Amino acid sequence: MPTTLWEYPSQHYDWTDADGRRHTMQGDKDYAGATPSWVIWQLLMRYSRENDRVIDPMCGSGTTIDVCKSIGRPVKGYDLVPRREDILQADARKLPLEDGSVDFVFLDPPYSTHIEYSDDARCIGKLDAAGDDGGKAYYAAMTKVISECHRVMKNRRYLGLYVSDSWKKKKGAPTGSGAGTFMPIGFELFAMMRKLFVPVDIICVVRQNQKLEKGNWRKTAVEENFYLRGFNYLFIMKKVDDVVQGAGTHGQAPGRDRK
Ligand SMILES: C[S@@+](CC[C@H](N)C(=O)[O-])C[C@H]1O[C@@H](n2cnc3c(N)ncnc32)[C@H](O)[C@@H]1O
Numbered sequence: 054m055p056t057t058l059w060e061y062p063s064q065h066y067d068w069t070d071a072d073g074r075r076h077t078m079q080g081d082k083d084y085a086g087a088t089p090s091w092v093i094w095q096l097l098m099r100y101s102r103e104n105d106r107v108i109d110p111m112c113g114s115g116t117t118i119d120v121c122k123s124i125g126r127p128v129k130g131y132d133l134v135p136r137r138e139d140i141l142q143a144d145a146r147k148l149p150l151e152d153g154s155v156d157f158v159f160l161d162p163p164y165s166t167h168i169e170y171s172d173d174a175r176c177i178g179k180l181d182a183a184g185d186d187g188g189k190a191y192y193a194a195m196t197k198v199i200s201e202c203h204r205v206m207k208n209r210r211y212l213g214l215y216v217s218d219s220w221k222k223k224k225g226a227p228t229g230s231g232a233g234t235f236m237p238i239g240f241e242l243f244a245m246m247r248k249l250f251v252p253v254d255i256i257c258v259v260r261q262n263q264k265l266e267k268g269n270w271r272k273t274a275v276e277e278n279f280y281l282r283g284f285n286y287l288f289i290m291k292k293v294d295d296v297v298q299g300a301g302t303h304g305q306a307p308g309r310d311r312k
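According to this note's numbering, the sequence shown holds residues 54 to 312 in order.
Spelled out as C-alpha cells, the structure:
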C-alpha cells in the first residue's frame with residue numbers, strides 16, 4: 054500500500070499451500086470483532102521477514118496465526134479465552150515469553166466495552182473507557198499490555214496496533230441531544246505507546262462494518278447527533294532502545310532498517 058489511507062478489498066484473501074490446499078479464510082468470519090486479515094498481511098509484508106517470530110497477545114479467532122501461516126512467519130497467538138486448539142491461554146499483561154524474543158507484535162485489543170467477548174472477569178473488554186472511574190481501569194490495563202509487548206520484543210522490531218475510538222450515549226438522554234461520551238481511545242493508546250516506542254506511521258483503515266451500510270443506523274446517527282465510526286487507526290511503532298524516546302526525533306523513526 055503506497056498511502057496511509059487503506060481500504061481493504063475483502064475481509065479475507067485466498068491462498069494455496071505447498072500441498073495444493075486452497076485457503077479462503079483467516080480467523081473466523083462469524084467472530085464479532087475479527088481483524089481484516091488483509092490489514093495484518095500488509096503490515097507483515099512490510100515490517101517483517103520470512104521466519105521472523107510473530108505474536109498476537111489477543112488473538113481472538115486466530116486471524117494473525119492464519120496470516121502468518123500463509124507467508125512463512127512462525128507465530129504464537131494468545132488469548133484469555135482460546136477459541137481454537139492452536140491458540141494459547143494467557144493474559145496479555147503477563148505473556149509466557151522471554152524478554153527480547155519476538156520480531157513482530159500485532160495487537161487488536163477490545164475498544165472499551167463495545168463487544169462482549171467472554172465471561173472471564175479479566176477480559177479488558179469489560180472495562181469501560183467512559184466508566185465512572187474516567188476509564189482509569191481500562192487504560193491502566195492497556196498500559197500493562199503495551200509494556201508487556203515492549204518487553205518481549207527484540208530491539209529495532211515493529212508493533213502494529215489496530216484500534217477504534219468509541220462513543221456511548223448517555224443513559225436516558227433525549228433523542229437528538231447528542232448527550233454522550235466520546236472516548237478517544239486511539240490517541241490515548243498512541244500517547245501510551247509513544248513513551249516506549251518510536252512512531253513509524255499512522256494508517257487510517259476505512260471500516261467496512263455492515264452496520265455502517267444499514268440505512269437505519271445512518272439515520273439514527275444523524276437524528277441522535279453522533280457519528281458512526283468510519284475508520285480504525287493502525288499505529289505502527291518501532292522498539293528502539295538505543296535512542297531517548299521523544300528527544301529530537303520529531304516523531305520520525307530513525308531508519309526503516311527492517312523493510
Ligand atoms: C478485537 S478481539 C481480537 C480479534 C482478533 N484479532 C481476530 O481477528 O479474531 C480482542 C480479543 O482480546 C481478548 N482479550 C481481552 N482481554 C484480554 C486479556 N487480558 N488477555 C488476553 N486476551 C484478552 C478477547 O478475548 C478478544 O478475543
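Note that the Cβ used here is the ideal one computed from N, Cα and C, for glycine as well. Model, not experiment: these values are computed from the prediction.
For residue 221, the enclosing beta strand (DSSP E) begins and ends at 219-222. Nearest in C-alpha terms to residue 214, of all of 287, 138, 237, is 287. Here the alpha carbons of residue 225 and residue 54 stand approximately 44 Å from one another. At the C-beta level, residue 76 and residue 139 stay beyond 9 Å of one another.
In this structure, the straight-line span from the alpha carbon of residue 283 to that of residue 196 is close to 25 Å. Beta-bridge partners assigned by DSSP to residue 257: 58, 286. Distance from the Cα of residue 85 is smallest, within the candidate group 102, 112, 93, for 112. Close CB contacts of residue 156 within its chain, under the 7 Å cut and outside five residues either way in sequence, are with 101, 105, 106, 107, 207, 210 (chain order). Contact between residue 198 and residue 145 is confirmed by a C-beta separation of about 5 Å, below the 8 Å threshold.
In this structure, residue 57 and residue 257 form a Cβ contact; the two beta carbons are roughly 6 Å apart against a cut-off of 8 Å. For residue 164, the number of other beta carbons within 10 angstroms of its own is at least 16, and it is reported as buried.
Per the DSSP secondary-structure output, residue 252 pairs in a beta bridge with 290. Straight-line measurement puts the Cα of residue 123 at about 8 Å from the Cα of residue 69. Secondary structure of residue 280 (DSSP, three-state): coil. Boundaries of the alpha helix (DSSP H) around residue 245: 238-247.
Not one heavy atom of ligand 1 lies closer than 8 Å to the C-beta of residue 233.
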